[in-house]
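Residue numbers (my numbering): 882 to 1111. Worksheet: one structure, shown below.
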Ligand SMILES: Cc1cc2nc3c(=O)[nH]c(=O)nc-3n(C[C@H](O)[C@H](O)[C@H](O)COP(=O)(O)OP(=O)(O)OC[C@H]3O[C@@H](n4cnc5c(N)ncnc54)[C@H](O)[C@@H]3O)c2cc1C
């Protein structure tokens, strides 16, 4: 028999939006349940860039991702929300009396006065690099949870958006070299990111390139062979 729960507010997604939502609900005296598919709270910040220095939060000139999450959680936890982590919300229906009910992957049904969806970009999975198939965890990674894993390495960052430029800049001081490969002529990354790039490195290639193949240089490494995009 599936478990059932009852709460005033169910928040789906324990990213920064959901955590602040939990604080707001608690502040108003509402019983709150926060559900997230990930095993920890913090959404993209905790999962993808906990070590990054975040600089665009009003009133906070700079703070590491993990510290931002800890602060959001401390703020929310003042009102004791219940966290259901590692639980994916799979369905939303309405009971005959009109109350929303959310089913979780483990069969639990949460009956709530209101459901707040703060699911961000969903249960995120990276867009795979086709040429990198078979190299995941062997030199190829899609996130940088721990920059020190790239200490003194030659790093190739593939992409031209905020994340790519952001990580290239973050790894530049610790990696042996950083090369940024982008298949378009210009970067999509926000202007200040690209203008903040130090002149020496990361090294933007002088023409649009895309990664067409990966090959093993050592047993534990993946090297990519970029070629000019057509
Ligand atoms: C590399 C990188 C760097 C970034 N840097 C910055 C920056 O410097 N400054 C800035 O302002 N923004 C930055 N961002 C963007 C920022 O992280 C997002 O805007 C922010 O995380 C959005 O918060 P959110 O709570 O709305 O969603 P998310 O952080 O995406 O959290 C949503 C949560 O919902 C959960 N979820 C989704 N669907 C379900 C489901 N069905 N059941 C259960 N749980 C579910 C997910 O697991 C996730 O934990 C960056 C993003 C990346 C990827």
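We treat Cβ as the ideally placed atom computed from N, Cα and C, and that holds for glycine.
Is there at least one non-hydrogen atom of ligand 1 closer than 7 angstroms to the beta-carbon of residue i?
i            : result
residue 933  : yes
residue 1001 : yes
residue 1055 : no
residue 958  : no
residue 1044 : yes
residue 888  : no
residue 916  : yes
residue 937  : yes
residue 893  : yes
residue 930  : yes
residue 970  : yes
Candidates the options: which alpha carbon is nearest residue i's?
i            : options                   : result
residue 895  : 1056, 923 and 938         : 923
residue 971  : 1067, 1027, 1023 and 917  : 917
residue 1070 : 1041, 1059 and 1057       : 1041
residue 1098 : 1067, 1059, 1048 and 1020 : 1020
Are the CB atoms of residue i and residue j nearer to each other than 8 angstroms?
i            : j            : result
residue 1004 : residue 956  : no
residue 989  : residue 1091 : no
residue 950  : residue 938  : no
residue 976  : residue 992  : yes
Residue i: beta carbon under 7 angstroms from a heavy atom of ligand 2?
i           : result
residue 919 : Within the structure as shown, ligand 2 is missing, the only ligands being ligand 1.
Helix, strand or coil for residue i per DSSP?
i            : result
residue 1022 : coil
residue 1044 : helix
residue 929  : helix
residue 898  : helix
residue 980  : coil
residue 1000 : coil
residue 908  : helix
residue 995  : strand
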